[in-house]
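Colleague: Quick one: this structure, given as structure tokens, is what I'll be asking you about.
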Amino acid sequence: MRTTNIRERYNLVRKYTEQICQPLETEDYVPQPVPFVSPPKWHLAHSTWFFETFILKNHVEDYKVFDETFNYLFNSYYNNVGDRVLRTDRGNITRPKVSYVYAYRKYVDEFMNILLATLDDEKALTLIELGLHHEQQHQELLVTDIKYILGHNPTFPVYDPDHNLVDDVNSETGFVQINEGIYEVGYQGDGFCFDNEQGRHKVYAQNFEISKSLVTNEEFIEFIDAGGYQDFNLWLDEGWSWVNENQIDSPMYWHKINGEWHYFTLGGLQKLNPKAMLCHVSYYEAWAYAQWKEMRLPTEFEWEIASYHFAWGKRWEWTNSAYLAYPNFTKAKGAVGEYNGKFMINTMVLRGASVATSPDHSRNTYRNFFHTDERWQYTGIRLVK
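Under numbering that gives the first Met the number 0, read the sequence shown as residues 0 to 384, first letter to last.
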């Protein structure tokens with residue numbers, strides 16, 4: 000029965016979020032070093048706020064919210080739901096205490112489990128499923144935001160000695176030939192997908208060859224040593240401005256110590272593994288590297304067409320496609336319609352998944368999207384020729 004399955008899934012997902020936070024000290028829950036990073040405490044509360052706001056308040060008679068201030072403090076971007084704290088101010092929310100946020104999670108979970116024992120409203124169950132995938136997105140953001148917080152601490156604290164997460168190496172080499180033709184892309188099936196994956200449609204692709212492996216650290220070091228970060232001919236104009244304004248000369252978390260490259264990992268500062276897949280690069284860096292190799296990045300459609308022929312899932316892979324709506328895309332009415340559609344501007348699509356992606360949260364039709372300068376996610380490069 001769906002209710003039984005979703006109740007079990009609900010508890011597994013909610014527990015995993017708290018497992019991610021288990022290695023943290025109380026002080027780690029609050030910092031927001033830059034606007035695009037949210038404090039772990041905020042993630043814990045916001046993912047809980049989703050279920051209280053969209054499920055419990057609408058489906059539990061006489062439900063009393065845990066704290067009247069939380070709708071303002073932990074709403075992310077849902078204008079339909081009311082006013083909210085600016086994203087840049089999330090790190091200023093020193094109160095409520097971390098323990099109070101955990102009490103909030105427990106309170107909501109208790110009511111959700113009671114509701115899920117008997118709920119048979121199909122629309123509500125579908126919305127709960129969306130809420131679980133929403134929380135899984137925040138689980139990945141938790142991992143990447145925690146890494147950013149610790150990785151910009153001057154002492155490089157260790158999150159967990161066994162959580163390097165960037166040591167994966169390629170299992171394949173060479174290129175896959177994809178023949179010219181008309182292909183279908185977009186989600187099909189009866190399972191869950193986000194609305195931005197819907198609208199399966201035909202696309203035309205010319206002949207292309209796509210690498211079965213991702214760019215490695217040692218390959219990218221060749222680019223650095225060849226002066227790649229100093230050669231304006233390789234860069235998009237905005238990328239060249241970004242490099243110079245921010246004094247970028249290597250991927251995020253890389254540090255050259257006594258002539259040797261190291262990188263910060265969740266297991267601490269370690270010597271860089273040259274054979275490992277490159278990680279934490281922006282679209283600008285991916286584009287410049289492809290130029291240097293006299294190749295290019297795949298479009299998101301080329302990536303999806305070819306994805307059956309290579310291993311993927313260790314890095315979010317930059318594509319050369321802007322994040323736009325598929326044919327016949329329509330936003331849902333109300334707050335749920337704010338989930339994806341309003342962000343279809345000034346971002347590029349990434350495909351695949353990463354080592355930080357939660358279990359059972361990957362599809363080859365999944366369309367992730369970030370701004371061109373962002374690289375705190377586990378991003379990598381796959382080339383096309």
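Heads up, the beta-carbon is just placed ideally off N, CA and C, and yes, glycines get one too. Keep in mind that this is a model prediction, so the values were computed, not measured.
(1) Please determine if the segment 162 to 176 and the segment 303 to 313 are in contact, where contact requires at least 3 C-beta pairs separated by less than 8 angstroms.
(2) Just confirm the distance between the C-beta atoms of N79 and G340, as a whole number of angstroms; I'd bet it's less than 8 angstroms.
(3) Kindly identify the DSSP beta-bridge partner or partners of H261.
(4) Where does Y288 sit, in a helix, a strand or coil, going by DSSP?
(5) Take Y307 as the anchor and find which of N363, A285, G266 has the nearest alpha-carbon.
(6) What would DSSP say about H200, mapped onto helix, strand or coil?
(7) Find out if the Cβ-Cβ distance for the pair E284, I209 is shorter than 8 angstroms.
(8) According to DSSP, is T350 helix, strand or coil?
(9) For D372, which residues in the same chain have their Cβ closer than 6 angstroms to its Cβ, ignoring the five residues on either side in sequence?
(10) In the structure shown, what three-state DSSP assignment does L164 receive?
(11) Going by the DSSP bridge assignment, what does I177 pair with across the sheet?
(12) Spatial neighbours of F328 within its chain, please: C-beta separation below 8 angstroms, excluding the five flanking residues on both sides.
(13) So for F368, helix, strand or coil by DSSP?
(14) Between the C-alpha atoms of T172 and G180, what's the straight-line distance to the nearest angstrom?
(15) Starting from the Cα of Y9, find the closest Cα among L131, P22, A289 and give me that residue.
(16) With which residues is V383 paired in a DSSP beta bridge?
(17) Indicate whether the contact test is met: 3 or more Cβ pairs, each with one atom in the segment 87 to 98 and one in the segment 144 to 153, closer than 8 angstroms.
(18) Whole angstroms are fine: how far does the CA of T346 sit from the CA of L296?
(19) Between N206 and N178, what straight-line distance do the alpha-carbon atoms span, to the nearest angstrom?
(20) At which residues does the alpha helix (DSSP H) containing W315 begin and terminate?
(21) Does the contact criterion of 3 or more C-beta pairs under 8 angstroms hold for the segment 355 to 369 versus the segment 213 to 231?
(22) Rounding to the nearest angstrom, what Cα-Cα distance links F368 and S320 in this structure?
(23) Taking all protein chains shown into account, do 16 or more other C-beta atoms lie within 10 angstroms of the C-beta of K40, making it buried, or fewer, making it exposed?
(24) What do you reckon, is the C-beta of D224 under 7 angstroms from a heavy atom of the ligand HEM?
(25) Quick check on M0: does DSSP put it in helix, strand or coil?
(26) Compare the Cα-Cα distances from R104 to each of H254, W253, W48, N74 and report the closest residue.
(27) According to DSSP, simplified to helix, strand and coil, what is M276?
(28) Work out the CA separation of Y28 and Q21 for me, nearest whole Å.
(29) Helix, strand or coil: which one does DSSP assign to E67?
(30) Quick check on the DSSP output: the alpha helix (DSSP H) that includes N216 runs from which residue to which?
(31) Counting C-beta neighbours from all protein chains within 10 Å, is the total for P273 16 or more, i.e. buried, or is it exposed?
(32) Quick check on E51: does DSSP put it in helix, strand or coil?
(33) Nearest to V142 by CA position, among N243, W375, G379, is which residue?
(34) Straight-line CA distance for Y228 to M343?
(35) By how many angstroms is the C-alpha of Y71 removed from the C-alpha of H45?
(36) Can you name the start and end residues of the alpha helix (DSSP H) that W241 belongs to?
Modeller: Reading from the atomic positions:
(1) yes
(2) Their Cβ separation, rounded to whole angstroms, is 13 angstroms, which puts N79 and G340 out of contact at 8 angstroms.
(3) H254, K270
(4) helix
(5) N363
(6) strand
(7) no
(8) The displayed chain sequence assigns Arg, not Thr, to residue 350. Correct three-state label for R350: strand.
(9) W241, S281
(10) coil
(11) F207
(12) D194, N195, Q197, G198, G340
(13) strand
(14) 25 angstroms
(15) L131
(16) I209, R295
(17) no
(18) 15 angstroms
(19) 5 angstroms
(20) That residue, W315, is in no alpha helix (DSSP H); its beta strand (DSSP E) goes 315 to 321.
(21) no
(22) 10 angstroms
(23) buried
(24) This structure lacks the ligand HEM, and indeed carries no ligand of any kind.
(25) Legend: pLDDT at M0 = 43, less than 50; position of this residue unreliable, value from coordinates given subsequently. The answer is coil: DSSP assigns M0 none of H, G, I, E or B.
(26) W48
(27) strand
(28) 11 angstroms
(29) coil
(30) 216 to 224
(31) exposed
(32) helix
(33) W375
(34) 29 angstroms
(35) 10 angstroms
(36) 236 to 245
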